[in-house]
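Novice:
Protein chains: 2
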Amino acid sequence: MSQHRHPGASGRAGVVPALPDLPEATVARLPEYLRALHNLAETGHETISSEGLASAAGVNSAKLRKDLSQLGSYGTRGVGYDVALLIDQIEYVLGLTQRRAVALVGVGNLGHALAGYDGFATRGFRIAALFDADPKRVGEEISGLVVRHIDDLPRVAAEEAIAIGVIATPAAAAQRVADELVAVGVTSILNFAPCVLSVPDGVDVRKVDLAIELQILSFHEHRKASLTRLPATGGSTLTALPGGLAAPDTQEAIGT
Amino acid sequence: MSQHRHPGASGRAGVVPALPDLPEATVARLPEYLRALHNLAETGHETISSEGLASAAGVNSAKLRKDLSQLGSYGTRGVGYDVALLIDQIEYVLGLTQRRAVALVGVGNLGHALAGYDGFATRGFRIAALFDADPKRVGEEISGLVVRHIDDLPRVAAEEAIAIGVIATPAAAAQRVADELVAVGVTSILNFAPCVLSVPDGVDVRKVDLAIELQILSFHEHRKASLTRLPATGGSTLTALPGGLAAPDTQEAIGT
DNA sequence: CGCGATTTGTGCACGTCTTCACAAGCGCCT
DNA sequence: AGGCGCTTGTGAAGACGTGCACAAATCGCG
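Chains L and R, in that order, are what the protein sequence lines are.
Sequence positions in the first sequence follow the UniProt record's numbering and run 1 to 256.
Sequence positions in the second sequence follow the UniProt record's numbering and run 1 to 256.
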């Protein structure tokens, strides 16, 4: 289903405009801009040019300007962007004006680390409850929170307005946990389990798989190694030892 | 991400073909296919159709076929793909035929969890060494590995062929660690610190930021909430409570 | 008050990714 | 052997994202 934009319907009365529907690629970059802006604010900057903010966020300046223009931004030509204003803008668009409650399910190896990760607290979220299915883990206290049994999820969800569920269970349990989260009204899930979740329409799932990230890097390693074995067109002097098909590890080959 | 491709290095005769340079989007999906294929192999499947594999991997079947065709695939029309053969193909392309050594820097909250995460070991990697800058942490044993001081990195890198560096330090230390990794020849970095790393050309960096993932979800939550408040086209004016349990009927499909 | 320096916002062209739709190929059954 | 149903591989078209280049807008200064 294509989303239709309302070109002229932005004239909503009030200071807070209706949410524009941003391109996904832009949404994915806004948090990075926000982090860079907070850094800039702490170092005393009141305004920042698109070039400066772009390099702080690790992107191209044209892309950044286009992204910010999507949210009807308020930059000043010849000057730049007001840092504080832009922070407010982005935080509003991302829905960070309220501190959203997060439920974390699975307090194993990774769950422990996530429960103690202060990046959540400092960037707009509050871990409201920890859950696990293992009775031996229920009752344990982690970072000031007591682990509850997953069966208590409905009751806790009724008390706290859980906005986001984080799944840090083994893959085998992830789908059932997702179903239970959806059942209590959670519509956003961050999944660390290496499996595909199926959820009804209207529920957003984002997946983080650490091994996949490494495998992508491995591909590039593999490709770089195979390139150095081939004679390059520019005649670089990097011809390593040609070990035939049994490729030895290209150790510290790149020396800039 | 800043790689340039070498034109003309294609059709190379021989048993092991030269690496085709795949689209990044395809590379990012191959690990997911691989995981699904391993599941299928364990459940006894010998062949699988593109439709079946696609649904197991959570993608569209046309996309999957195009992805696999990129690597000169070996499907059989009317039958499907040979599971074992496809696993070998993908593992070769991803460079997983050798078990790559990973150096993990920063054994704080997150680093501890990563050191104990068995998904690395089971999916083609070996954590070869742990490092930290804090003398109080040096010497500690985690999952059978002793934490070394970051200053020992050059010596360890000379012994083990470190292929990938994982940074799990605070943001303030990440850039220096990255520089040191690059200095000892590491050309692939997985960065968990919330900051932008600058590295020379030829070094790949992938970033995982847990708070950013939550913020992206927060945006969609915010948008969904604002949509339910507005009367949709032909709208049934059901006013859902914030965090309500009712599933509204007019939810837009959100690309994940 | 006007001019030049600077920086934003954006039209446009280009490249990448996705999706559809269908011909080509394969195995099975008669 | 031949036909039929099923599945892959791919051309083409459309959607999406990116980057250039420049007009429009703003500030500071003489």
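The beta-carbon is built from N, C-alpha and C at its ideal position, and this holds for glycine as well.
Check L:ARG148 in the structure and name its three-state DSSP category.
Specialist: Strand.
Novice: Answer with buried or exposed for R:GLY72, where buried requires no fewer than 16 other C-beta atoms within 10 angstroms of its C-beta.
Specialist: Exposed: under 16 other Cβ atoms inside 10 Å.
Novice: Can you tell me where the beta strand (DSSP E) holding R:SER188 begins and where it ends?
Specialist: Segment 188 to 191, the beta strand (DSSP E) holding R:SER188.
Novice: Which value, in whole angstroms, describes the spacing of the CA atoms of R:TYR92 and L:GLY124?
Specialist: Going by the C-alpha atoms only, they are around 42 angstroms apart.
Novice: According to DSSP, simplified to helix, strand and coil, what is L:VAL27?
Specialist: Of the three classes helix, strand and coil, the one that applies to L:VAL27 here is helix, per DSSP.
Novice: In terms of residues, what are the limits of the beta strand (DSSP E) holding L:TYR92?
Specialist: No beta strand (DSSP E) contains L:TYR92, which is instead part of the alpha helix (DSSP H) from 83 to 93.
Novice: Output needed for R:PRO194: all residues of its chain with C-beta closer than 7 angstroms, excluding positions within five of it in sequence on either side, in chain order.
Specialist: For R:PRO194, where only same-chain residues beyond five positions count, the Cβ hits under 7 angstroms are ALA171, ASP209, ALA211.
Novice: Hey, L:LEU85 and L:TYR74 are a contact pair by Cβ (cut 8 angstroms); roughly how many whole angstroms apart?
Specialist: Confirmed, about 6 angstroms.
Novice: Compare the C-beta of L:GLN215 with all C-beta atoms of chain R and state if any pair is closer than 8 angstroms.
Specialist: Yes, L:GLN215 counts as interfacial toward chain R.
Novice: Any beta carbon from chain R within less than 8 angstroms of L:LYS224's own beta carbon?
Specialist: It does; some Cβ of chain R falls within 8 angstroms.
Novice: DSSP state of R:ASP67, grouped into three classes?
Specialist: Looking at R:ASP67 - three-state DSSP - the assignment turns out to be helix.
Novice: Grouping DSSP H, G and I as helix and E and B as strand, with all else coil, what is L:ARG206?
Specialist: Correct three-state label for L:ARG206: strand.
Novice: Under 8 angstroms between C-beta atoms, does R:ILE212 make it to chain L?
Specialist: Answer yes: the Cβ-Cβ gap between R:ILE212 and chain L drops below 8 angstroms somewhere.
Novice: With respect to the beta strand (DSSP E) encompassing R:PRO104, which residues constitute its N-terminal and C-terminal limits?
Specialist: The sequence as given places Leu at residue 104 of chain R; Pro does not occur at that position. Unbroken beta strand (DSSP E) run through R:LEU104: 100 to 105.
Novice: Who are the neighbours of R:ARG137 on chain L, taking C-beta pairs under 9 angstroms?
Specialist: Chain L residues near R:ARG137: none, gap ~15 angstroms exceeds 9 angstroms.
Novice: Taking DSSP's pairing of strands, which residues face R:ALA129 in a bridge?
Specialist: R:ALA129 pairs with R:ALA103.
Novice: Would you grab the beta carbon distance between R:LEU104 and R:VAL166 for me? Rounded to a whole angstrom, and I think it's under 8 angstroms.
Specialist: With 8 angstroms as the limit, R:LEU104 and R:VAL166 qualify as a contact, their Cβ atoms being about 5 angstroms apart.
Novice: Classify R:GLY144 as buried or exposed, calling it buried when 16 or more other Cβ atoms lie within 10 Å of its own Cβ.
Specialist: Under this definition R:GLY144 is an exposed residue.
Novice: Counting only the same chain and skipping the five closest in sequence on each side, list residues whose C-beta sits under 8 angstroms from that of L:GLN89.
Specialist: Cβ within range, chain order: LEU71, SER73, TYR74.
Novice: Look at R:PHE192 and R:LEU110 and say whether their C-beta atoms are less than 8 angstroms apart.
Specialist: Yes; because the gap between Cβ atoms is below 8 angstroms, this pair is in contact.
Novice: Give me the Cα-Cα distance between L:LEU19 and R:ALA225, rounded to the nearest whole angstrom.
Specialist: One C-alpha to the other measures close to 10 angstroms.
Novice: Mind checking if R:PRO31 is an interface residue toward chain L, Cβ cutoff 8 angstroms exclusive?
Specialist: True, the Cβ-Cβ gap to chain L drops below 8 angstroms.
Novice: Keeping to the same chain, check which residues put their C-beta closer than 8 angstroms to that of R:ALA168; ignore five residues upstream and five downstream.
Specialist: Answer for R:ALA168: LEU104, VAL105, GLY106, VAL107, GLY108, LEU110, GLY111, LEU114, PHE192, ALA193, listed in chain order.
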